[in-house]
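Enquirer: Dumping the structure here so I can ask a few things about it.
Numbering (our numbering), first residue to last: 6 to 79.
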């Protein structure tokens, strides 16, 4: 399966773009207490808000975001 970026308007694909990394949405942590679940749910929600798309009928487990959309600390 070829990874492709899920950001609207981005055409990056792992098979033709070298040097990029692809990241999944943060998982919702359900086995480390209610605070961890609340924080991870909010983190995931913020990612989806920033993507500004309707993912209602999509499998979010397959969604990837390429590293071009992240600020580097280097």
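All C-beta atoms, glycine included, are put in the ideal place defined by N, C-alpha and C. This structure is a prediction, so every number in the text was calculated from the model and none was measured.
CA-CA distance, residue 49 and residue 18?
Expert: Roughly 23 Å separates the two Cα atoms.
Enquirer: How is the alpha helix (DSSP H) around residue 30 delimited, first residue to last?
Expert: First-last for residue 30: undefined, no H or E at that position.
Enquirer: Taking all protein chains shown into account, do 16 or more other C-beta atoms lie within 10 angstroms of the C-beta of residue 65, making it buried, or fewer, making it exposed?
Expert: Residue 65 is exposed by the Cβ-count criterion.
Enquirer: Which word fits residue 38, buried or exposed, when buried means at least 16 other C-beta atoms lie within 10 angstroms of its C-beta?
Expert: Looking at its Cβ environment, which holds fewer than 16 other Cβ atoms inside 10 Å, residue 38 is exposed.
Enquirer: Could you name the residues of the same chain whose beta carbon sits closer than 7 Å to that of residue 34, not counting the 5 residues immediately before and after it, in chain order?
Expert: Cβ within range, chain order: 41, 42 and 45.
Enquirer: Jot down the residue ranges of each uninterrupted beta strand (DSSP E) in the region 33-64, minimum 3 residues, whole runs only, in chain order.
Expert: List check, beta strand (DSSP E) in window: nothing returned.
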